[in-house]
Amino acid sequence: MSTDEMMVFFQDHATGIAAAAIAGMSLLALRKWFAGGVCRSKARLDGKTVLITGANIGIGKETAQDLARRGARVIMACRDMDKANEAAEEIRQKTGNGNMVIKKLDLASLESVRHLAEEIQHEEERLDLLINNAGIMMCPKWKTEDGFEMQFGVNHLGHFLLTNSLLDLLKKSSPSRVVSVSSLAHEKGQIHFDDINLDKDYDPYKSYRQSKLANVLFTRELARRLQGTGVTANSLHPGVVRTALGRHIMPTIAVWRRIIFAPFILLLLKTPWQGAQTTIHCAVAEELEHTSGLYFSDCAPKDQEI
Numbered sequence: 001m002s003t004d005e006m007m008v009f010f011q012d013h014a015t016g017i018a019a020a021a022i023a024g025m026s027l028l029a030l031r032k033w034f035a036g037g038v039c040r041s042k043a044r045l046d047g048k049t050v051l052i053t054g055a056n057i058g059i060g061k062e063t064a065q066d067l068a069r070r071g072a073r074v075i076m077a078c079r080d081m082d083k084a085n086e087a088a089e090e091i092r093q094k095t096g097n098g099n100m101v102i103k104k105l106d107l108a109s110l111e112s113v114r115h116l117a118e119e120i121q122h123e124e125e126r127l128d129l130l131i132n133n134a135g136i137m138m139c140p141k142w143k144t145e146d147g148f149e150m151q152f153g154v155n156h157l158g159h160f161l162l163t164n165s166l167l168d169l170l171k172k173s174s175p176s177r178v179v180s181v182s183s184l185a186h187e188k189g190q191i192h193f194d195d196i197n198l199d200k201d202y203d204p205y206k207s208y209r210q211s212k213l214a215n216v217l218f219t220r221e222l223a224r225r226l227q228g229t230g231v232t233a234n235s236l237h238p239g240v241v242r243t244a245l246g247r248h249i250m251p252t253i254a255v256w257r258r259i260i261f262a263p264f265i266l267l268l269l270k271t272p273w274q275g276a277q278t279t280i281h282c283a284v285a286e287e288l289e290h291t292s293g294l295y296f297s298d299c300a301p302k303d304q305e306i
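For the sequence shown, position 48 (counting from the first letter as 1) is numbered 48 according to full-length UniProt numbering, and the numbering increases by one without interruption.
So, in structure tokens, the structure goes:
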């Protein structure tokens, strides 16, 4: 095509080309907005010990890899030991940090939580970071080993017990931090004290929101009780992320809707790496050493009323 022909083409299709350019720039802007903040801290964690629940996939795995690259001893507390070992080996290869420890943890079993806490107390001299990352989202009406509704049991009660069981070690290692992954969904949640298991009217969305609100409320109260100990506690919203967490949602959505919205989901949802950034920020940012009781999103604290 000659220069003259190209000029004629652009003149004849100016409107369409302009519309396509605007649409493309808009999508790029949206993509950048959805990607959110990035942790800029270069802090090293040499000599520090970190425990991350659900560290074998998704946000947890990306968090483990980042902290391993910073030199931390990373304890990966996971339910699926095969996936945990695979993830740990991958992280060792990528970071050159061989100090990766695999521990069994089933948050749907309080006995499993107690067993892990006892192991950590006996085997570890210090614990500088506890990252409550693991979770389950909008599952059917299931119960934990102890008879609690699954989402409340895994997302809140298991982490509640684990955190309280490790507080002495965290205090001994201060300054130390507790970071809990919650969700924006907590804003629509409420605690159903008269029916905590939602036996009367189970709804997976209601249950998930309740568990995420419990994360935020627990973090606030924990921060209040830990004042003066050198241990901080913060919670966060990681963003809407492409992970296996939403595996229970997809079967409830009509196939035609999945097909239509799939391109937009792939384009706009955060990657696990992007979703891990706020967790990493809360874990390592030097300016947050004395910050406690806050809720973060996109690597920044968010004002809110509950």
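Idealized CB from N, CA, C, for every residue including glycine.
query, result
"C-alpha gap between asparagine 56 and alanine 64, whole angstroms", "8 Å"
"Nonlocal neighbours in the same chain, by C-beta distance under 6 Å from serine 297, ignoring five residues either side", "His237"
"For glycine 60 and glycine 54, believed in contact at Cβ under 8 Å, the rounded distance", "4 Å"
"Local Cβ density within 10 Å of serine 26, reported as buried at 16 or more and exposed below that", "For serine 26, the predicted model reports a pLDDT of 41, less than 50, meaning its position is unreliable; a value from the coordinates is still stated below. Answer is exposed; the Cβ neighbour count stays below 16."
"Glutamate 289 - DSSP class collapsed to helix/strand/coil", "coil"
"The alpha helix (DSSP H) enclosing histidine 281, as first and last residue numbers", "277 to 284"
"Segments of 3+ residues assigned as beta strand (DSSP E) that fall wholly inside the region 88 to 123", "100 to 104"
"Same chain, Cβ closer than 8 Å to cysteine 282, neighbours up to 5 away in sequence not counted", "Arg177, Val179, Asn234, Leu236, Leu288, Phe296"
"Cα-Cα separation between isoleucine 91 and arginine 225, rounded to whole angstroms", "35 Å"
"Backbone CA spacing between methionine 76 and alanine 84 [nearest angstrom]", "7 Å"
"N- and C-terminal bounds of the alpha helix (DSSP H) containing residue 332", "Residue 332 lies beyond the residue range present for the chain, which begins at 1 and ends at 306; the question has no answer from this structure."
"Contiguous alpha helix (DSSP H) assignments of at least 4 residues, all confined to the region 133 to 174", "158 to 165, 167 to 172"
"Continuous alpha helix (DSSP H) stretch holding arginine 225: start and end", "204 to 225"
"Cβ contact (3+ pairs, closer than 8 Å) linking the region 93 to 102 and the region 128 to 145", "no"
"Classification of valine 74 by the beta-carbon crowding that lies within 10 angstroms, buried from 16 upward", "buried"
"Own chain, CB closer than 6 Å to isoleucine 306, minus 5 neighbours either side, in chain order", "Per-residue confidence for isoleucine 306 stands at a pLDDT of 43, beneath the threshold of 50, marking its modelled position as unreliable; no derived number is given."
"Alpha-carbon to alpha-carbon, lysine 188 and glycine 293", "20 Å"
"Bounding residues of the alpha helix (DSSP H) (the contiguous stretch that carries alanine 64)", "58 to 69"
"Stretch pair the region 120 to 127 + the region 150 to 159: three plus CB contacts closer than 8 Å", "no"
"Same chain, Cβ closer than 8 Å to tryptophan 273, neighbours up to 5 away in sequence not counted", "Glu62"
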